[in-house]
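Per our numbering, the very first residue in the sequence shown carries number 3; after that it's consecutive.
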Amino acid sequence: MIRRITEYEPLLEQWSKAAGCLPVRLTAAWECYGGHAPDCAFYAVDDAAVLMVHGAGALLCGEVSDLAEIHMFLRMSGALTLLGAKPMQGAQKRLSMRWKGTGEKPLLPKEICTEPSLWRLSQSGLLNADPQAYYADVCRRVNRGAALIYTCERDGTAYATAGAYAITESGAYLSGVATREAQRCRGYASALVMALCTALSPREIYLICKPPLAAFYERLGFEQHEELWEFEMGRT
């Protein structure tokens, strides 16, 4: 059974206390959007798991008895992807990495910006995101203390960025790590990630990456925390 959650309830509280990347993302989104936002919805599944649908993406905290029902529900909702900890047929493996608090400490570039223009970043083409949807979401999160975005800029234009797009009292989730092709392999992404980790410590800091990128983040002091699985709704 799938039912929408509109008020904070014990099931949400249970997952807000759980460790891991997905609970951090779930908790931060609830703190920003609550239960009545049209573009971010929360659902209880079998009164044991929580499903969050935000834009074209969905994530699932917990196990469910009928994944096929979830897939059908998400297709009808317009979601394109589902991320969860339970293996799904046809899903792609992703790795949740957790920062250990040690690792390389690259020098911070002189052009680092810790309070960038979110509008200019949304229009920069640096991130693979719809500019208007990104701007609306990130402004809401930053204004509520649930996001922290850093960039490297030249003449007011970002050429590298990384951000914590979900921050709670005890955890943080890093994503949106990107560098323009002409500036790659110069340590900008590493420096931004490490600067964010330092600023967010002593929280538990997580990120999600494809398996080939694990070695890069391990050099920065991350370790594999758990395997996640991303299912594309167009797959069968």
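For each residue, glycine too, the CB sits at the ideal point set by N, CA and C. Please read all numbers here as calculations on a predicted model, not as lab measurements.
If you scan the region 71 to 155 from start to end, which runs of the alpha helix (DSSP H) of 4 or more residues do you find wholly inside it? 120 to 125, 133 to 145
Suppose only complete runs of 3+ residues qualify. What are the beta strand (DSSP E) ranges in the region 171 to 197, listed by chain order? 173 to 181
Does DSSP put Leu209 in a helix, a strand or coil? strand
So Gly92 and Phe233 are in contact, right, with Cβ under 8 Å, and what is the actual spacing, rounded? 6 Å
Can you tell me where the alpha helix (DSSP H) with Tyr219 in it begins and where it stops? 216 to 221
Per DSSP, Trp231 is paired with what? Gly86, Lys95
Along the chain, where does the beta strand (DSSP E) containing Val55 start, and where does it finish? 51 to 56
Buried or exposed: where does His56 fall if 16 or more other Cβ atoms within 10 Å of its Cβ makes it buried? buried
Apart from the five residues on each side of it in sequence, which residues of its chain come closer than 8 Å, Cβ to Cβ, to Leu120? Tyr137, Val140, Cys141, Val144, Ile151
Among Ser79, Leu85, Arg77, which one has its Cα closest to the Cα of Pro25? Leu85
Pull up the DSSP beta-bridge partners for Glu225, would you. Arg100
Please look up how many angstroms separate the CB atoms of Ala216 and Leu97, rounded, as I've assumed it's under 8 Å. 5 Å
In whole angstroms, what is the alpha-carbon distance linking Trp111 and Ala191? For the sequence presented, residue 111 should be read as Pro rather than Trp. Roughly 10 Å separates the two Cα atoms.
Run through DSSP, which three-state label would Ala201 get? helix
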